[in-house]
Each structure stands twice: as structure tokens, then as C-alpha cells.
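Q:
Chains as they are written, first to last, in my numbering: chain A, 109 to 700; chain B, 109 to 700.
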């Protein structure tokens with residue numbers, strides 16, 4: 109069974125040196141955050157490593173099970189969940205007015221990385237609850253908020269998001285579930301699929317957020333409303349009482365995340381309460397999308413780190429072969445072989461890049477929400493909007509590579525389930541699909557985030573990258589020079605990409621959409637390289653000041669590895685993008 | 109449950125137009141092959157599609173099961189196996205003197221693609237038998253050959269390869285199993301792991317080929333001998349009689365290939381017969397390596413084609429969203445979306461490239477074995493030796509991408525096991541590991557295949573590629589011009605790679621080994637692009653002659669897609685390779 113040790117030193121490095129913890133702490137209400145941060149991470153790390161991680165293995169633990177009376181949570185999850193709730197972790201970054209701890213998203217993001225790394229199946233439950241909390245918090249009436257939020261923020265009740273139907277996946281315009289008014293509420297009917305943690309026995313109530321259509325609603329996306337349908341209706345005292353007519357009729361047999369029940373829910377005249385105004389449900393969903401997508405991007409990061417930890421530990425233990433050029437003498441642990449190091453550094457450097465991208469984005473979320481200067485807040489929001497599809501698409505796609513390398517480092521043992529490496533690959537595989545597939549993120553990136561503002565937000569980012577290039581030019585040594593050379597190419601590629609997208613989005617939309625995934629991956633590689641270059645600059649200054657050479661040298665070398673071994677992909681992706689989608693569209697269906 | 113339709117038209121196209129079926133047919137004994145080929149493929153396609161493919165699904169079929177009395181083969185496999193044996197498929201490309209059909213490797217390769225695509229777990233059984241046949245055929249005494257080969261060639265008995273031990277995986281120098289002489293035989297003892305089809309109930313005997321050390325053997329690779337240890341010893345009439353003391357003590361719980369029992373075998377003074385001379389066992393294993401690695405490369409191809417067929421069928425059926433730019437009107441099957449086409453063409457074009465690389469290599473195997481001209485045979489063998497690590501490494505690594513895209517095309521349904529897409533990803537994951545990991549292939553490529561002859565064999569290949577570039581220059585049209593532009597860059601990258609490997613292998617071996625995987629992947633992308641360019645040239649000529657425009661236009665467009673969207677990876681891999689492994693080796697173990 110694999111263990112998990114939260115990388116607290118690295119998390120604090122990223123928060124402090126790259127993601128502007130000081131700036132976040134200067135926002136109103138966050139003054140104490142720098143003093144709290146390390147202690148919070150230490151405590152979260154204990155829960156993650158000691159309680160959640162040991163329950164993660166598919167081997168030796170029973171996953172979620174369907175019964176006619178409802179879903180039974182995976183072995184050990186219920187106890188762990190209540191430790192999680194009692195520790196106050198569920199509402200860490202929720203507002204204090206609803207019993208949350210009111211801490212910044214930056215700190216919440218680091219704890220979420222831990223939950224996801226320790227046990228992705230488990231962590232999906234509070235993640236979905238958070239989405240439901242946001243929907244109610246931002247859009248529901250004060251009455252609904254008062255009735256549901258405190259228990260959801262504490263974690264005593266969990267939440268779900270009911271969007272998908274068999275004919276309506278990426279395309280929610282096709283939602284068919286119906287809601288018929290009856291007195292002060294509605295009767296909701298329809299079948300929802302792929303409902304994560306849609307039913308379970310860990311808590312006494314589960315609050316479903318459900319997209320459905322009113323009888324007179326217009327067709328398409330403009331006729332979808334949002335409802336709260338609790339599993340148990342509340343009595344006059346606000347306690348769960350009568351069972352609502354929503355049933356889990358089956359759970360999916362999935363490739364991974366076996367501890368997370370993925371439910372088919374049947375609503376049959378279930379009592380539901382309208383959230384906000386009619387026909388605005390899809391818009392309400394979009395308001396919480398940034399956070400949900402950031403969290404799935406974090407899953408790509410988290411499971412990559414977990415896979416790296418396991419592979420590294422195996423590479424240090426497993427003895428096989430001799431070092432290159434040595435035909436006799438002692439055999440070596442496989443970490444002595446260059447190719448194993450290539451794989452480990454590909455895992456490590458990309459994981460660190462993902463962390464830096466995610467945490468900096470979380471900081472901008474805090475600034476966007478809490479800055480008292482409107483222009484600062486607006487600029488931060490623009491950065492968040494630009495980065496979210498990159499964080500989600502790039503981190504989850506690279507997570508496939510990293511978890512697969514984790515298997516490869518183990519050789520034949522990686523293919524044996526008991527080792528645990530294969531589970532990370534299986535678990536990670538969902539992350540490029542749910543909460544908007546990679547193509548959905550990519551379309552969002554090229555369309556709403558780059559073309560829509562004529563490349564303005566991207567231009568601001570590029571200027572910051574160019575400032576880093578200037579800092580690199582002024583810094584001494586081979587390593588930073590090598591990083592600068594590669595990053596210069598990368599920034600050039602990203603700039604040219606932006607110009608190409610802006611120029612082609614309207615006249616050649618199919619070309620841009622056909623290349624959108626390549627475009628967002630290019631952006632991810634460059635953003636990752638930029639963040640690691642920033643880390644190398646910080647490390648370089650620390651080294652000059654004589655601080656912790658082992659830690660900071662590793663930061664410089666990791667950044668150089670990424671710059672030389674991975675960042676060159678950006679230029680070839682640009683070559684690819686610029687050819688457009690003509691060949692893709694030229695084949696008839698029969699010619700495939 | 110997914111179906112499988114053997115791509116016979118494409119197979120014949122590759123055999124005839126790219127892999128030189130005529131040249132093979134001109135070899136002694138193969139005169140009738142061109143007349144037979146289509147009929148053989150049709151019959152094989154029926155067995156693969158109608159018998160083997162329906163048994164492939166993990167969902168709804170019981171996999172291999174261990175019992176104290178031995179392994180019970182997966183549901184339905186025994187009946188299917190006997191149809192396979194009775195059809196004469198097992199010995200298709202085995203010599204006629206041992207009851208084989210004596211057909212060329214080129215044709216055998218196409219049938220193997222079908223078995224692997226239809227049911228990889230099943231196909232591993234005859235694949236391993238073939239390895240054991242080769243070992244006995246080339247190295248054992250006439251007496252052992254007479255006793256074992258006819259039943260193994262017919263398939264009445266199966267064979268296994270017992271190499272790996274817990275401490276000896278990629279590094280076979282660490283093998284510890286012992287063989288003590290006793291009369292005309294030896295008593296073999298030791299534990300072997302990861303023995304594919306190491307035990308089962310489909311046939312009345314299983315013939316184990318086992319690596320072990322004689323009591324006085326030197327240490328390391330020069331002290332390993334090869335033994336035949338049948339599950340049942342033969343009586344005076346050559347029939348299986350007394351049970352030998354080899355037991356399957358467990359089978360692995362694996363990520364995929366659940367129909368293929370992966371056994372731990374315990375040999376306790378098991379009767380074994382020495383193959384060839386003492387201490388030469390590892391060398392004997394190497395003589396059959398090219399074929400085994402070609403066949404695992406074929407698995408990468410086969411499972412990619414299977415994943416493509418399933419994804420294509422889903423993409424044509426699944427309706428979701430509207431075409432780009434259309435905000436109203438009919439929804440479209442997802443094959444109408446540019447990104448789905450990008451994914452399908454990434455799958456299709458790479459699958460076709462893998463097929464062309466594998467089949468041309470198989471043709472060279474036939475020439476190397478059967479040409480009456482020694483220089484021709486030697487040149488063909490040099491090409492085989494160069495190509496084998498590329499076929500194995502590149503096809504299996506790309507197979508990971510293709511099967512993962514197969515999941516992605518399905519969206520959420522891809523994560524549900526019943527769909528079948530996830531199984532292909534799980535099954536494919538072993539192919540980069542067994543029969544020599546990708547790093548082992550890569551080291552073989554840069555060391556024995558490129559540096560060893562100073563780049564001579566690679567130079568011959570590059571000259572053929574340059575001749576294709578000249579043909580492309582003389583051909584009309586945008587498509588071939590675009591292919592030429594990209595392939596020119598690719599060939600330049602491969603040439604520079606070769607020079608770098610030759611120049612650096614001795615002075616900077618760690619740099620070369622650290623970049624070896626990137627090097628072999630670069631070679632794979634360029635070889636694939638070259639073969640598709642050759643296909644485009646043939647197709648262009650056929651189109652000019654007015655033949656089957658739908659088929660041949662698709663060939664040109666597929667080649668152009670690959671040239672524009674995938675081949676640019678070669679140049680960025682070259683940039684990567686040339687930086688060497690310095691950053692990888694610079695970190696201490698503690699800095700990881």
C-alpha cells in the first residue's frame with residue numbers, strides 16, 4: 109500500500125515565493141493567514157497522510173456499493189469523513205457568515221491538493237458539496253441559504269450537481285428533466301447520470317442541485333432552471349424528515365475512483381425549490397465553474413504528486429542492473445539509471461509546474477473577490493478567467509502522462525494492481541473528461557479567453573513573462589541562461605499563438621477549434637516553464653544568500669530540466685497549430 | 109460489447125504497395141503467397157471477428173482463475189483455442205518440416221495483428237508458444253525437436269518463456285534458478301514470475317523454456333543455461349504422462365489482459381533437458397528476440413486499431429451539440445466536431461503508420477531468412493535489427509496515446525467499463541513494459557543499432573527516405589508538397605540524431621542513454637511519416653489512374669494529417685535530445 113506525505117515545504121515555497129501569499133494577506137480579513145498557513149498545512153497533512161491515504165487503495169478495500177436502500181460508502185470512508193468534518197476542513201474557505209473558516213482560496217487550494225492526492229475518491233465528496241454551496245450561496249433566496257448552507261458548510265450534509273442526462277453531456281442545451289410548479293415548490297422529474305457521490309450513507313442528508321425545464325421554458329440553454337432537491341425534506345425545525353422521491357437506481361462500474369459512487373438518479377415528482385430566477389440555471393452553473401475547474405486541475409496535480417512519490421520510493425529501493433559503462437561491480441538502485449531519472453524528473457518538474465500554475469491562479473481568485481480596488485480586482489479576474497482552462501486542461505492531460513510514467517518506473521510490478529501505481533493511472537483518467545473535457549476547456553481558451561478580448565488578457569500575461577526573461581538575462585550562470593534560451597522560444601510561440609487565434613477565430617473558426625487542444629497545451633507548457641523559471645530566479649537569490657543549497661539547487665535544476673526536456677514541445681505545437689484543421693475536415697465520414 | 113472487423117483492405121494495401129509482397133513472393137517457396145494472401149486474411153478475419161473478439165470483454169466474462177489444481181482458462185477460451193488450432197493458424201509461418209504451413213512472416217504478421225486486435229489476452233498464448241518453438245527449433249537437439257516441436261507447432265501443446273525472477277527483471281544477469289545434472293537430464297529449482305500463460309487447462313501439456321544456472325556456472329550473463337521443462341513428462345510413446353514438479357503457485361491481479369494468466373511458477377527439482385550448450389542460454393534467448401519484439405510492437409498496432417474502430421463507431425452514433433458556428437438547427441453526430449476528428453485522425457494515421465512499419469520489417473525478416481543472395485540477406489537483416497526497437501518502442505508508446513484517445517472520444521462513457529474503451533487502455537499498458545521496456549528498446553537502438561555500426565544501417569534507411577523526398581518533389585499538388593515539407597524536416601532531424609548518437613555514444617554515454625527514449629521516439633515518428641508518405645505517393649498514382657478515389661484520397665489526406673499534426677514532434681525531440689542528460693544526473697537522490 110502506498111503512503112502519502114504532503115509536500116508542505118514545496119507548497120509553502122510556491123505560496124510564498126510564486127503565488128504572492130503576502131499580497132493575499134494584505135486583503136481584508138486575511139491578515140493572520142501567513143502566521144496560520146504552516147500550521148494549517150501541517151494539520152491537513154496529518155489527516156491526509158494518516159487517515160485518508162490508507163483508505164485509498166482499491167486492493168484490500170471494498171469500494172462504494174449499490175443496494176436497493178441506497179449506496180453504502182466505501183470501507184472506512186464514513187469514519188474518515190466525520191474526522192474531516194469535525195476538523196472543520198469542509199468549510200475552510202467558506203465565508204464565516206455560514207460557519208465557514210473564511211480562509212483564502214490559496215490556502216484552501218493547498219489543502220485540496222492534499223485531499224485529492226491522499227484519496228481522490230473521497231475528496232470528490234467535499235468537492236461536489238462545495239459546488240452546491242456556491243450555487244446556493246450566490247443565487248438562492250435567503251430562506252434557502254438559511255435552511256441549507258450551515259449544514260453543508262460544516263459538512264454535516266453533502267451536496268451534488270445534477271447536470272448530465274443520457275442525451276445531454278457536454279451539450280447541456282439538450283437537458284430534458286422537467287419541473288412543474290406546485291404551491292411554493294416544484295415537482296422535478298427526469299433521469300440524471302454520472303452524479304458523483306449522488307447517494308451514500310455517510311451523512312443524514314444529501315442536497316441535490318438539479319437542472320430542469322419549466323413547462324413553458326424556451327428551448328435550448330435559455331430554458332434551463334436550477335433547483336434544490338434534498339434527499340430528505342426538512343421539517344419545521346429544519347431537520348431531515350420525509351424522504352423525497354429521488355432514488356439512486358444504479359452506480360457505474362468504472363475504470364477508476366472506485367471509492368466514489370457515480371450514480372444514476374431517478375427524480376419522480378421530487379420536491380424541488382427554484383434557485384434564483386427561472387431559466388437562468390445554466391448561467392448560475394457557470395458562475396461556479398472556475399472553482400470547480402480549478403479543483404479538477406488540482407486533481408491532475410495531486411494524483412501526479414502521489415504517483416511521483418510512489419515511483420520515487422520504488423526507484424530508490426529496486427536494485428537492477430549496473431550503472432552505465434560498468435560491466436562489473438555492484439548493482440544499482442534503478443534511480444541510478446539515466447532513463448529512470450528522465451522519467452522521475454518528467455514527473456517531478458511537471459508536478460511542480462502544475463502546482464505553481466494552480467496556486468497562482470487561486471491567489472488571483474482571492475484578489476478578484478476581496479481586493480478593495482476595483483481595477484485590481486478586475487485585472488485579477490481576467491487572469492483567473494484566462495488561466496482556468498489552462499490549469500484544467502494542461503494539468504489533467506499531463507497528469508495522464510505522469511501517472512503512466514509512474515507505472516513505467518515500476519516495470520512489471522507497475523502492472524500488478526497491488527503495487528498501487530496502476531490505480532493512479534486509472535483514477536487520473538477521468539480528470540480530462542469531467543467538469544468539461546479537454547476540448548471544452550480548449551474551446552473556452554481560444555474563444556472566450558483569447559479571441560473574445562482580442563488577446564488583451566494574454567498580452568498582460570506575456571508582458572509578465574517578458575519581464576521574467578529580462579530578469580533571467582541579468583542573472584548569472586549556465587542554468588539560468590539555458591532556462592532563458594528555452595523560455596524565450598516558448599514565450600515567442602505563445603505570443604504567435606495568441607496572434608494566430610485572434611486573427612483566425614472569426615474567419616477560420618473550424619481551424620481554430622480543430623487546433624484548440626494543441627493551443628491550450630502549448631499555453632500550459634509555457635506557463636509551466638515560466639513559473640519554474642520564476643522559481644529558479646528565487647532559488648538563485650536564496651543560493652546567493654547561502655540558504656539551504658540542497659533545496660534551492662534542486663529548484664534550479666528542475667527548472668532547467670523542464671526548460672530543456674519539455675518546453676521545446678511548445679514550438680512544435682505552434683507548427684502544428686498553424687496548419688489548421690483542413691485535413692481533419694476534408695475526409696468524409698465514410699473515409700475514416 | 110465492441111466488435112472487431114479485420115482491416116483487410118488496408119492490410120493488403122500495406123503488404124502489396126509498401127511491404128513488397130512481390131519481393132517476398134520471389135523468395136524460394138513463397139511463389140503462391142500472392143494468390144493465397146487475400147483468402148488467408150479473409151479466413152483469419154472471420155476467426156478473429158466472430159470467435160476471438162466476442163470473448164475479449166472483461167465485462168461479462170470470467171478471466172483466468174487460479175485453483176490449487178492449476179489455472180482455469182478464461183471463459184470460452186478453450187473452445188476458441190481449439191478452433192484456432194484446428195484451423196492450422198498456430199503454425200502458419202512455421203517450417204513445413206515440423207508440420208507448419210511454411211508461409212512468410214509478412215502474412216503471419218497480418219494474421220497476428222488480427223489475433224492481437226481481436227483478443228490480446230488470448231493471442232498471447234500462441235505468441236509465447238511461438239517463442240518456445242523458435243528456441244527449440246534453433247538450438248535444441250534433434251531428439252528434443254522431434255519430441256516437442258510437432259505438437260507445439262500444431263498448437264496441441266503450448267509453450268512458455270521463464271526468464272524473470274523477483275530480483276531479475278530487465279537485468280537477467282541476476283537469475284538464480286539452479287539446474288543440477290542427474291543422468292540424461294537436470295533437476296531445475298527456482299521461482300519464476302510474470303510467466304505469461306504459465307499454466308492453463310486448454311491443452312494436455314505445456315512446455316516451459318527455463319533459464320537457470322548449472323552448479324559450476326560463472327556469475328552473470330555468461331552462466332545462464334536454457335532448459336526444456338514440460339508440465340507433463342513424456343512416456344516412451346511421446347505422450348504426456350508423469351506430472352513434473354513445477355506448480356503455478358499464484359496468478360497476478362493485473363491492470364489488464366485479465367484473460368491471460370500471469371503466473372508465479374515454482375520449480376522444485378523439476379526434470380529439465382538442456383537446450384544446446386551449457387551457459388549459452390541468454391544468447392539463445394536473444395536469437396528469438398526480434399520476432400518476439402516485433403509481435404509486441406504488433407500488439408501496439410493491433411490494440412490501437414481496435415480502439416480506433418470502437419471510437420469511430422461511437423463518434424458516428426453519438427449526437428451532441430451543433431457544428432461550429434451553428435447556434436441553431438440540427439444537432440450533429442460528434443464526428444462532425446473538429447476536435448473529435450483530430451482525435452480520430454491521430455488514432456487512424458498513427459495506426460496506419462505502425463502497420464506499415466511493422467509489415468515492412470516482417471518482409472525484411474523473410475528476405476533475411478530466405479534470400480539466396482547473401483548480401484541481400486545481410487542487408488535485410490541489418491534493416492530488421494535497426495527497425496525492431498523502433499517498431500516495439502514507438503508502436504507500444506503511441507498505443508498508449510491512441511487507446512487513451514479512444515477513451516476520450518467516448519467522453520464520460522469511456523470511463524464506464526461496459527463501453528470497452530477503457531479495457532483497451534488497460535490492456536495496452538503492459539506493452540511498453542514486457543519483452544524489454546521502452547528504455548531497453550531505446551538503449552538497444554542507440555547502442556547496438558546506431559552507434560555500433562557508426563550509423564551505417566541508419567544511413568541506408570536515410571538514403572531511402574531521401575529518395576522518397578525526391579519522388580515527392582516530382583509529384584503534383586498541395587498535399588504531397590505539404591507532406592514533403594514536413595518529412596524533409598523529419599529526415600533532417602533523424603539524420604542529425606544519428607550523427608549525435610554516433611559522436612556521443614562513447615564519450616558521453618550517459619547523455620545518450622538519458623536521451624535514448626526520446627531518440628527512438630524521434631526515429632519512430634520519422635519512419636511512420638516516411639511510410640505514410642510512400643503510401644501517399646502510391647495513392648497519388650492510383651488516383652491519377654482513376655482508381656477508387658474514396659480509398660486513395662483518404663490515404664493522401666491521412667498522410668498529410670500525420671505530416672502536419674504529428675511529425676513536427678521529431679524536430680522538438682531533436683532539440684531535447686541534444687541537451688543531453690546533464691540535468692538528470694545532477695540531482696542527488698535526496699534532491700528528488
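We treat Cβ as the ideally placed atom computed from N, Cα and C, and that holds for glycine.
All of these numbers come straight from a predicted model, not from anything done at the bench.
#1: Could you tell me whether the Cβ of residue 278 (chain A) comes closer than 8 Å to any Cβ of chain B?
#2: I want to see whether chain B comes within less than 8 Å of residue 542 (chain A), judged by CB atoms only; does it?
#3: For residue 600 (chain B), which option in B:115, B:571 and B:215 has the closest C-alpha, if you only look at C-alpha atoms?
#4: Closer than 7 Å to a non-hydrogen atom of the ligand COA - does that hold for the CB of residue 144 (chain A)?
#5: May I ask which residues mark the beginning and end of the alpha helix (DSSP H) holding residue 301 (chain B)?
#6: Counting Cβ pairs, one atom from each stretch, are 3 or more of them under 8 Å apart for the stretch 201 to 221 of chain B and the stretch 345 to 353 of chain B?
#7: Helix, strand or coil, according to DSSP, for residue 449 (chain B) in the structure here?
#8: Just checking: is the beta-carbon of residue 714 (chain A) within a distance shorter than 8 Å of some beta-carbon in chain B?
#9: Residues of chain A with a CB under 7 Å from the CB of residue 616 (chain B): which are they?
#10: To which residues of the same chain is residue 116 (chain A) closer than 6 Å at the C-beta, ignoring the five residues directly before and after it?
#11: In chain B, which residues lie less than 7 Å from residue 429 (chain A) when you measure between Cβ atoms?
#12: By DSSP's criteria, residue 660 (chain B) is part of a beta bridge. Which residues make up the other side?
#13: I think residue 447 (chain A) touches residue 625 (chain B), with their Cβ atoms under 8 Å apart; what is that distance to the nearest whole Å?
#14: Are the beta-carbon atoms belonging to residue 566 (chain A) and residue 558 (chain A) less than 8 Å from one another?
#15: In whole angstroms, give me the CA-to-CA distance for residue 633 (chain B) and residue 463 (chain B).
#16: Taking DSSP's pairing of strands, which residues face residue 270 (chain A) in a bridge?
#17: How about residue 433 (chain A): is its C-beta nearer than 8 Å to some C-beta of chain B?
#18: Using a beta-carbon distance below 8 Å, is residue 449 (chain A) in contact with chain B?
#19: Using C-beta distances below 8 Å, list every residue in its chain close to residue 370 (chain A), excluding the 5 sequence neighbours before and after it, in chain order.
#20: My output table needs one value for residue 519 (chain B): the three-state DSSP class, helix, strand or coil.
#21: Would a check of beta-carbon distances place residue 605 (chain A) closer than 8 Å to chain B?
#22: Closest Cβ-Cβ distance between residue 508 (chain B) and chain A: below 8 Å?
#23: Tell me residue 358 (chain A)'s beta-bridge partners as DSSP assigns them.
#24: Short check: CB of residue 485 (chain B) to CB of residue 475 (chain B), under 8 Å?
#25: For residue 433 (chain A), count neighbouring C-beta atoms within 10 Å of its own C-beta (all shown protein chains included) and say buried if the count is 16 or more, exposed if not.
#26: Excluding the five sequence neighbours on either side, which residues of its own chain have a C-beta within less than 6 Å of the C-beta of residue 552 (chain B), listed in chain order?
#27: Anyone know if the C-beta pair for residue 261 (chain A) and residue 199 (chain A) falls short of 8 Å?
#28: Nearest-angstrom Cα distance between residue 372 (chain A) and residue 435 (chain B)?
#29: Would you list the residues sitting across from residue 173 (chain A) in a DSSP beta bridge?
#30: Go through its chain and collect everything with a Cβ distance to residue 606 (chain A)'s Cβ below 8 Å, but skip five positions before and after it.
#31: How big is the Cα-Cα spacing for residue 628 (chain B) and residue 546 (chain B)?
#32: Would DSSP call residue 329 (chain B) helix, strand or coil?
#33: Could you name the residues of chain A that residue 676 (chain B) contacts, counting a contact when the two beta carbons are closer than 7 Å?
#34: Between residue 188 (chain B) and residue 160 (chain B), what straight-line distance do the alpha-carbon atoms span, to the nearest angstrom?
#35: Does DSSP put residue 646 (chain A) in a helix, in a strand, or in coil?
#36: Label residue 614 (chain B) either buried or exposed according to how many other C-beta atoms from any shown protein chain fall within 10 Å of its C-beta, with 16 as the threshold for buried.
A: Quick look at the numbers:
#1: If you number the first chain from 1, residue 278 (chain A) lands on position 170. It does; some Cβ of chain B falls within 8 Å.
#2: Mapped onto the first chain, residue 542 (chain A) falls at position 434. Cβ-Cβ to chain B under 8 Å: yes for residue 542 (chain A).
#3: In the second chain, counting from the first residue as 1, residue 600 (chain B) sits at position 492. Taking only the C-alpha atoms, the option nearest residue 600 (chain B) is B:571.
#4: Only the bare structure without any ligand can be found here, which leaves the ligand COA out of the picture.
#5: Numbered from 1 along the second chain, position 193 holds the residue referred to as residue 301 (chain B). From DSSP, residue 301 (chain B) is part of no alpha helix (DSSP H) but of the beta strand (DSSP E) over 293 to 304.
#6: no
#7: On the second chain, position 341 is the one that residue 449 (chain B) refers to. Here residue 449 (chain B) sits in helix by DSSP.
#8: Absent from the structure is residue 714 (chain A), since the part of chain A shown begins at 109 and ends at 700.
#9: Within the second chain, the letter at position 508 stands for residue 616 (chain B). Within chain A, no residue comes near residue 616 (chain B); the closest Cβ sits about 10 Å away, beyond 7 Å.
#10: For this step, residue 116 (chain A) is matched to residue 8 along the first chain. If we look at residue 116 (chain A) and ignore the five residues flanking it on each side, its Cβ neighbours are 149 and 153.
#11: Counting from one through the first chain, the residue named residue 429 (chain A) turns up at place 321. Neighbours of residue 429 (chain A) on chain B, chain order: 278 and 279.
#12: In the second chain, the residue the question calls residue 660 (chain B) occupies position 552. BP columns for residue 660 (chain B) are empty, so no partner.
#13: Your numbering for residue 447 (chain A) matches position 339 in the first chain. Your numbering for residue 625 (chain B) matches position 517 in the second chain. The Cβ separation is near 6 Å, so the contact holds.
#14: For the purposes of this step, residue 566 (chain A) is taken as residue 458 along the first chain, with counting starting at 1. For the purposes of this step, residue 558 (chain A) is taken as residue 450 along the first chain, with counting starting at 1. It is a contact, given that the beta carbons lie within the stated cut-off.
#15: Along the second chain, read from residue 1 onward, the residue named residue 633 (chain B) stands at position 525. Along the second chain, read from residue 1 onward, the residue named residue 463 (chain B) stands at position 355. Roughly 13 Å separates the two Cα atoms.
#16: If you number the first chain from 1, residue 270 (chain A) lands on position 162. Residue 270 (chain A) pairs with A:318.
#17: In the first chain, the residue the question calls residue 433 (chain A) occupies position 325. Taking Cβ atoms only, chain B reaches closer than 8 Å to residue 433 (chain A), which makes this a yes.
#18: What you label residue 449 (chain A) is simply residue 341 of the first chain in a count that begins at 1. Yes, because at least one Cβ of chain B sits closer than 8 Å to the Cβ of residue 449 (chain A).
#19: For the purposes of this step, residue 370 (chain A) is identified with residue 262 of the first chain, where counting begins at 1. Only 302, 303, 304, 306, 359, 360 and 362 meet the Cβ criterion.
#20: Counting from one through the second chain, the residue named residue 519 (chain B) turns up at place 411. Residue 519 (chain B) falls in the helix class under three-state DSSP.
#21: What you label residue 605 (chain A) is simply residue 497 of the first chain in a count that begins at 1. For residue 605 (chain A), the answer is no, since every Cβ of chain B falls outside 8 Å of its Cβ.
#22: Against the second chain, residue 508 (chain B) aligns to sequence position 400. Yes, its Cβ sits closer than 8 Å to a Cβ of chain A.
#23: Walking along the first chain from the start, residue 358 (chain A) turns up at place 250. A:372.
#24: In the second chain, counting from the first residue as 1, residue 485 (chain B) sits at position 377. In the second chain, counting from the first residue as 1, residue 475 (chain B) sits at position 367. Against a cut-off of 8 Å, the Cβ pair of residue 475 (chain B) and residue 485 (chain B) comes out as a contact.
#25: Working through the first chain from its first residue, we reach residue 433 (chain A) at position 325. Burial call: exposed.
#26: Position 444 of the second chain, counted from the start, is the residue given in the question as residue 552 (chain B). Excluding sequence neighbours, residue 552 (chain B) sits near 497.
#27: As a working note, residue 261 (chain A) is residue 153 in the first chain. As a working note, residue 199 (chain A) is residue 91 in the first chain. Yes, the Cβ-Cβ distance between residue 261 (chain A) and residue 199 (chain A) is below 8 Å.
#28: Along the first chain, read from residue 1 onward, the residue named residue 372 (chain A) stands at position 264. Along the second chain, read from residue 1 onward, the residue named residue 435 (chain B) stands at position 327. Residue 372 (chain A) and residue 435 (chain B): Cα-Cα distance of roughly 30 Å.
#29: Sequence index remark: in the first chain, residue 173 (chain A) carries index 65 (1-based). BP columns for residue 173 (chain A) point to A:180.
#30: Counting from 1 along the first chain, the entry for residue 606 (chain A) is found at position 498. If we look at residue 606 (chain A) and ignore the five residues flanking it on each side, its Cβ neighbours are 558, 563, 566, 567 and 570.
#31: Locating residue 628 (chain B) in the second chain gives position 520, where the first residue counts as 1. Locating residue 546 (chain B) in the second chain gives position 438, where the first residue counts as 1. Looking at the two C-alpha atoms, the distance is approximately 9 Å.
#32: One-based indexing of the second chain puts residue 329 (chain B) at position 221. Residue 329 (chain B) falls in the helix class under three-state DSSP.
#33: Position 568 of the second chain, counted from the start, is the residue given in the question as residue 676 (chain B). Near residue 676 (chain B) (Cβ distances below 7 Å), the residues of chain A are 680, 683 and 684.
#34: Counting from one through the second chain, the residue named residue 188 (chain B) turns up at place 80. Counting from one through the second chain, the residue named residue 160 (chain B) turns up at place 52. Taking the straight line joining both Cα atoms gives about 7 Å.
#35: Counting from one through the first chain, the residue named residue 646 (chain A) turns up at place 538. Note: residue 646 (chain A) maps to helix in three-state DSSP.
#36: Numbered from 1 along the second chain, position 506 holds the residue referred to as residue 614 (chain B). Exposed: under 16 other Cβ atoms inside 10 Å.
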